[in-house]
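Just so you know, the numbering used here puts 275 at position 283 of the sequence shown, and the rest follows in order with no gaps. The C-beta atom is built at its ideal place from N, Cα and C for all residues, glycine as well. So the structure is just underneath, and the comments pick up after that.
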Amino acid sequence: MTELDFHFVNRIRTQTEKLTDRPALRFLEQHVWQEITWSQFQNHINQLSHALLANGVGVQEKIGIFAHNMPRWTIADIGAMQIRAVAVPIYATNTAKQVEYIVNDADIKILFVGDQEQYDQAIQTAHNCALLEKIVAMKPSIELHQNPLACYWEEFIQVAPHQAELAQRLADKQLSDLFTLIYTSGTTGEPKGVMLDYANLAHQLKAHDAALPTVNEHDVSLSFLPFSHIFERAWIAYVLHRGATNCYLEDTNLVKEALAEVKPTLMCAVPRLYEKIYTAIWDKVNQAPAHRQALFNWAIRVGEKHFHCSKPSLWLRGQYALANKLVLSKLRALLGGRIRMMPCGGAKLEPTIGMFFHSIGINIKLGYGMTETTATVSCWSEQGFNPNSIGSLMPNAEVKIGEDNEILVRGGMVMRGYYKKPEETANAFTVDGFLKTGDAGEMDAEGNLYITDRIKELMKTSNGKYIAPQYIEGKIGKDKFIEQIAVIADAKKYVSALIVPCFDSLEEYAKQLNIKYQDRLELIKHSDIIQMFEKRINELQQELAAFEQVKKFTLLPQAFSTKMEEITPTLKLRRKVILQRYREQIENMYR
């Protein structure tokens, strides 16, 4: 295949010719899974391309997609690609103010919205967006309130075909064209539009072909992470590039049911999903009779031994077959029973959790990357796994460790730069062209990459000790009673934490102890609850050095939220906002 063959538009059109009547996409409609074949998929994409051309969208002009995952998200995305336009994703949970910033900064002409909530946010801010010409409602259920800017998808695509113009745009396409602008969440400062081109995406398609060659048209991938983030967006590009079927899940509360119904072979997930499954399994085990607990623990030990053994003995193979039949296969069934690979990214996964899943036969692909690297920089290959590492380097990715142990990256997957921000672009690179990731890490002799923390988030106590907050949060946050945790330490005499309990687990616990309370605020102030958290936190942080351990904590009655700008859409803490908002609670922990 030539370089241009890896242009993503060419990959879609090639797979359509080859797979015609095979399912390309599946989606849930009124509790029933529906299919869109490859030929239908291409027809929908072409309709959207003609509509964009009819509405005067020029080469490299911008359209926005403000929606949860759905087939029309991908159709709008690739429809824009076919006419050499640029799709700009906007997180479905963004506020009107955040939407306004992106629409204006990216010069968006047409904005696609997925649900009533996104439509209302868009309308609220549209009068402040000078270049915005049209808002397209992707579902007929959205109430448009007769707004002259708005129309429905079905109405939008009712145009005469622009065959000659579409053919010309397809013929003129270049790998140097931008395919997207993705606005980084911004834990500090305003979001920046990351410019990614088709050469970046082609690099990743080829690298994944070399690293994960077994993905094919018989695979089924379940998508529930937002397409507005590069992790899932790049993954679905790879899934479609390989001709596999992608299943869309809009409602993330239905993941458990979807796993049972779809029985995927592939699925991207973030560490929080694994943490929840892990704690739920162990919670159930700990409530089981002693003999059941013993059986479970034996099976996990056998699974881990079998995983680490390249040539298991006849005795170990026999033990594993029995452990698999009695325990391990039942655990895999919780994820549909057919999973053979689960890419995991977005944050660091606690090593004990990663090892647990490999022990039960779930192949978690720990990886590392960022928006600026078109997702993946490192990932575990088909063989090998070290739960403490984030994988070996992807083909043709170059990494070195710079000042302050910063991970520096160079290669064809690295962004063009930040949109309209030449100074920030220049500051993001070293003089020899390596991207500064802002992550601290190291590499071992085998070329495996380890991440230690965000450099900018390293905290220094008033005693001069450096604290890596994410490391501490990872150790404590895996507890079933903890939903969110924010470590406080900068310029303080000791480490403290703000903790949002997992109220489902906590309320069940309170019920078992017959604790009476009026509301969540009263519950988290109950002495028995505070003592329980103290005990669990102390157990969880035994491996930490004394100066790293949380000495005091405050339980919060409500979660950190994107609407309050306390966390980013990718669930990273905005520490400055949290420090300011909870100043009084923090000060109380140091009195």
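| query | Shortest alpha-carbon distance to residue 54 belongs to which of 41, 136 and 95? | reply | That would be 95, whose Cα lies nearest to the Cα of residue 54.
| For residue 225, is the classification buried or exposed, using 16 other Cβ atoms within 10 angstroms of its Cβ as the cut-off for buried? | Buried.
| field | Alpha-carbon spacing of residue 291 relative to residue 209, whole angstroms | value | About 34 Å.
| query | Are residue 222 and residue 238 close, meaning C-beta to C-beta below 8 Å? | reply | At least 8 Å separates the beta-carbon of residue 222 from that of residue 238.
| task | Give the range of the alpha helix (DSSP H) segment to which residue 414 is assigned. | result | Taken as a continuous stretch (DSSP letters only), the alpha helix (DSSP H) holding residue 414 covers 414 to 419.
| Under 8 Å between the Cβ atoms of residue 430 and residue 443? | Taking a C-beta distance under 8 Å as the contact criterion, residue 430 and residue 443 do not qualify as a contact pair.
| request: Going by CA-CA distance only, name the one from 560, 535 and 523 that's closest to residue 546. | output: Measuring from the Cα of residue 546, the nearest candidate turns out to be 523.
| Exposed unless 16 or more other CB atoms sit within 10 angstroms - verdict on residue 61 | Within 10 angstroms of the beta-carbon of residue 61 lie 16 or more other beta-carbons, which makes it buried.
| task | Just tell me which of 115, 562, 306 and 583 has its CA closest to the CA of residue 263. | result | Looking from the CA of residue 263, the closest CA among 115, 562, 306 and 583 belongs to 562.
| field | Any 3 or more C-beta pairs closer than 8 Å across the stretch 36 to 45 and the stretch 143 to 158 | value | Touching, yes, given that three or more Cβ pairs across the two stretches are closer than 8 Å.
| request: Specify whether the stretch 162 to 176 and the stretch 343 to 351 touch according to this definition: at least 3 beta carbon pairs, one from each stretch, less than 8 Å apart. | output: Contact between the stretch 162 to 176 and the stretch 343 to 351 is absent, with fewer than three C-beta pairs closer than 8 Å.
| For residue 351, is the classification buried or exposed, using 16 other Cβ atoms within 10 angstroms of its Cβ as the cut-off for buried? | The Cβ neighbour count for residue 351, taken over all protein chains shown within 10 Å, is at least 16; the residue is labelled buried.
| task | Excluding the 5 residues preceding and the 5 following residue 247 in the sequence, name in chain order all residues of the same chain whose CB lies nearer than 7 Å to its CB. | result | Setting aside the 5 residues that flank it on each side, residue 247 is surrounded in the same chain by 216 and 241, each with a C-beta closer than 7 Å to its C-beta; the list follows chain order.
| request: Report, in whole angstroms, the separation of the C-beta atoms of residue 550 and residue 490, which I expect to be a contact under 8 Å. | output: The distance from the Cβ of residue 550 to that of residue 490 is about 11 Å, inconsistent with a contact at the 8 Å cut-off.
| request: Note the first and the last residue of the continuous beta strand (DSSP E) segment covering residue 129. | output: For residue 129, the uninterrupted beta strand (DSSP E) run begins and ends at 126 to 129, by DSSP.
| query | Comparing alpha-carbon positions, which option in 382, 474 and 419 lies nearest residue 439? | reply | Out of 382, 474 and 419, 382 has the C-alpha closest to the C-alpha of residue 439.
| said: Please list the terminal residues of the continuous alpha helix (DSSP H) segment that includes residue 33. | reply: Judged by DSSP secondary structure, residue 33 falls within the alpha helix (DSSP H) whose first and last residues are 30 to 46.
| task | Find the nearest neighbour of residue 406 within the set 395, 420, 413 and 396, judged by alpha-carbon distance. | result | The shortest Cα separation from residue 406 among 395, 420, 413 and 396 belongs to 420.
| Cut-off 8 Å between Cβ atoms - residues of its own chain near residue 553, not counting five sequence neighbours on either side | Excluding residues within five positions, the ones whose Cβ falls inside 8 Å are 559.
| message | For residue 185, list the residues DSSP reports as bridge partners. | response | Paired residue(s): 175.
| query | Hey, how far is the Cα of residue 137 from the Cα of residue 101? | reply | Straight-line measurement puts the Cα of residue 101 at about 21 Å from the Cα of residue 137.
| said: Mapping the DSSP letters down to three states, classify residue 476 as helix, strand or coil. | reply: Strand at residue 476.
| message | Considering just the uninterrupted stretch of the beta strand (DSSP E) at residue 578, what are its terminal residues? | response | Note, residue 578: premise wrong, no beta strand (DSSP E); alpha helix (DSSP H) at 575 to 580.
| request: Select from 97, 447 and 91 the residue whose C-alpha is nearest the C-alpha of residue 109. | output: For the residues 97, 447 and 91, the minimum Cα distance to residue 109 belongs to 91.
| request: Taking residue 296 as the reference, give the member of 355, 389, 99 and 117 with the closest Cα. | output: That would be 355, whose Cα lies nearest to the Cα of residue 296.
| field | Boundaries (first-last residue) of the alpha helix (DSSP H) holding residue 348 | value | 343 to 351 is the span of the alpha helix (DSSP H), which, as asked, contains residue 348.
| query | Is residue 462 buried or exposed, if buried means 16 or more other CB atoms sit within 10 Å of its CB? | reply | Buried: at least 16 other Cβ atoms inside 10 Å.
| query | Hey, out of 18, 468, 481 and 214, whose CA is closest to residue 449's CA? | reply | Nearest Cα to residue 449 within the set 18, 468, 481 and 214: 481.
| task | Please list, in chain order, all residues of the same chain as residue 326 whose beta carbon is under 6 Å from its beta carbon, the five residues on each side excluded. | result | Cβ within range, chain order: n/a, list empty.
| task | Just grab the DSSP bridge partners of residue 440 for me. | result | Beta-bridge pairing links residue 440 to 384.
| message | Tell me which residues share the same chain as residue 349 and place their Cβ nearer than 7 Å to its Cβ, disregarding the 5 neighbours each side in the sequence. | response | For residue 349, where only same-chain residues beyond five positions count, the Cβ hits under 7 Å are 266 and 356.
| message | What residue range does the alpha helix (DSSP H) around residue 312 cover? | response | Looking at the DSSP string, the run of the alpha helix (DSSP H) that includes residue 312 is 306 to 315.
| Which residue's Cα is closest to the Cα of residue 335: 299, 329, 313 and 372? | Checked all of 299, 329, 313 and 372; the closest Cα to residue 335 is 372.
| query | For the alpha helix (DSSP H) that contains residue 520, what are its first and last residues? | reply | From DSSP, the alpha helix (DSSP H) with residue 520 extends over 519 to 532.
| Going along the chain, which unbroken runs of the beta strand (DSSP E) with 3 or more residues stay wholly within the stretch 62 to 109? | Note on the stretch 62 to 109: whole beta strand (DSSP E) runs with a minimum of 3 residues are 78 to 82 and 100 to 105, in chain order.
| Does the Cβ-Cβ distance between residue 236 and residue 220 come in under 8 Å? | Against a cut-off of 8 Å, the Cβ pair of residue 220 and residue 236 comes out as no contact.
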